[in-house]
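Heads up, the thing below is written out as structure tokens.
Residue numbers (the numbering used here): 127 to 342.
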């Protein structure tokens, strides 16, 4: 690797991407990654970077999981850090098991990104320091009728993950995911349907207001 690491940043939120690029530019050679999947595809075809910082959820274009195999095929030596607003240890562990080398919540301090980049560039894996740890039990949420695992499933649905990805992230069976989706829909007035891309879509029925799910 060169003296200065070459870091690519790709996120569908342009302002976040540009802010992160500016923060990294004093220490690393920043490579433009883009804010659409087509732009990221082009960047991986060009190559010329050591570490890629990639957003997890790409809106209507789906989850980064479905693109990683193709990108690794283009750049097999690249080290990948996933960033997302879902700052759950469960999801981070699933991303590392799926081939990523680092995982950060977007609520992390920008300074932690440097630690993550340096770690993965040395061949290590990195999990964000402020991720929510796995609970020892699944108590009922204080302000909802739904168990915490069901709330996490709904959060993951809202961020574009499919049933299999959710099951892997939470280390549960797909049938358990389906059970909680159905129970949540009945008890909270949420409607879960099929989106054109084959993923589940989530919205509120007229019976109750939508839950406060975090934005990506």
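Where a beta carbon is used, it is the ideal one built from N, C-alpha and C, also for glycine.
DSSP beta-bridge partners for residue i?
i, result
"residue 209", "181 and 230"
"residue 223", "In the DSSP output, where bridge partners are listed per residue, residue 223 has none listed."
"residue 214", "258"
"residue 253", "229"
State the CB to CB distance for the pair residue i and residue j, rounded to an integer number of angstroms; the pair is presumed to be in contact (CB under 8 Å).
i, j, result
"residue 153", "residue 159", "At roughly 17 Å, the Cβ-Cβ gap does not stay under 8 Å, so residue 153 and residue 159 are not in contact."
"residue 206", "residue 226", "5 Å"
"residue 176", "residue 247", "6 Å"
"residue 185", "residue 157", "Contact flag wrong, Cβ pair sits at about 23 Å."
Classify residue i as helix, strand or coil using the three-state DSSP reduction.
i, result
"residue 258", "strand"
"residue 129", "coil"
"residue 187", "helix"
"residue 305", "helix"
"residue 198", "helix"
"residue 167", "helix"
"residue 276", "helix"
"residue 204", "coil"
"residue 282", "helix"
The beta strand (DSSP E) that contains residue i, what's its start and end?
i, result
"residue 133", "132-136"
"residue 159", "155-160"
What I want to know is whether the C-beta of residue i ends up closer than 8 Å to one or more non-hydrogen atoms of the ligand NAD.
i, result
"residue 307", "Among the components modelled here there is no ligand, and therefore nothing to report on the ligand NAD."
If I follow the unbroken alpha helix (DSSP H) through residue i, where does it start and stop?
i, result
"residue 236", "236-247"
"residue 290", "289-296"
"residue 145", "140-150"
Anyone know if the C-beta pair for residue i and residue j falls short of 9 Å?
i, j, result
"residue 295", "residue 216", "yes"
"residue 258", "residue 291", "no"
"residue 286", "residue 224", "no"
"residue 169", "residue 134", "yes"
"residue 162", "residue 181", "no"
"residue 253", "residue 201", "no"
"residue 210", "residue 230", "yes"
"residue 208", "residue 228", "yes"
"residue 279", "residue 300", "no"
"residue 131", "residue 244", "yes"
"residue 281", "residue 256", "no"
"residue 178", "residue 145", "no"
"residue 307", "residue 283", "yes"
Using beta carbons (cut-off 9 Å, strictly below), is residue i in contact with chain C?
i, result
"residue 135", "As a matter of chain content, chain C is missing from the structure shown, which is built from one protein chain."
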